[in-house]
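What follows is a short report on a single structure.
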Amino acid sequence: MGTMTIPLEVLRLLCAQHWNPIGIPLANMTIEKETPFRPMPADEYDRYLSYVQYLFANKASKKEILAYLDTVEREYLMLSPPRGNKRKFIASIQDWIARTN
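Spelled out as structure tokens, the structure:
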């Protein structure tokens, strides 16, 4: 049995809810009434989220995933301090995996 890949659309949604370190989305985006947060542009963090997909697919530890997100915030986005909560983001992905298995 192969490892399940988390769909990028799911990662985008969870990122918008919990991590979103630069505070995207754009103010002019429309949202669904039942969505308590604004969705972000489809490609805003895709490069980073694709690697998060890879890390989860290869059973990386929470510590390894946190280290990667720290690197993204510090070295690629150059944020200090970033917005969002990477621990909640990782936990939400783990919850999604548990619900779909």
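The sequence shown runs 181 to 281 under the working numbering. All residues carry an ideal CB built from backbone N, CA and C; glycine is no exception. Remember, predicted model here, so these are calculated numbers, not experimental data.
(message) Using only the alpha-carbon positions, how far apart do G182 and I273 sit?
(response) Low per-residue confidence applies at G182: pLDDT is 44, beneath 50, and the placement is therefore not dependable, though the value from the model is reported in the following sentence. Those two C-alpha atoms are separated by around 18 Å.
(message) In whole angstroms, give me the CA-to-CA distance for N281 and A237.
(response) 13 Å
(message) Considering just the uninterrupted stretch of the alpha helix (DSSP H) at A240, what are its terminal residues?
(response) Segment: none, A240 is in no alpha helix (DSSP H) and carries neither H nor E.
(message) Looking only at its chain, what residues have a beta carbon closer than 7 Å to the beta carbon of T210, apart from the 5 residues adjacent to it on each side?
(response) In this prediction, T210 scores a pLDDT of 49, lower than 50, which makes its location untrustworthy; no coordinate-derived value is stated.
(request) Give me the Cα-Cα distance between T185 and A271, rounded to the nearest whole angstrom. (result) 16 Å
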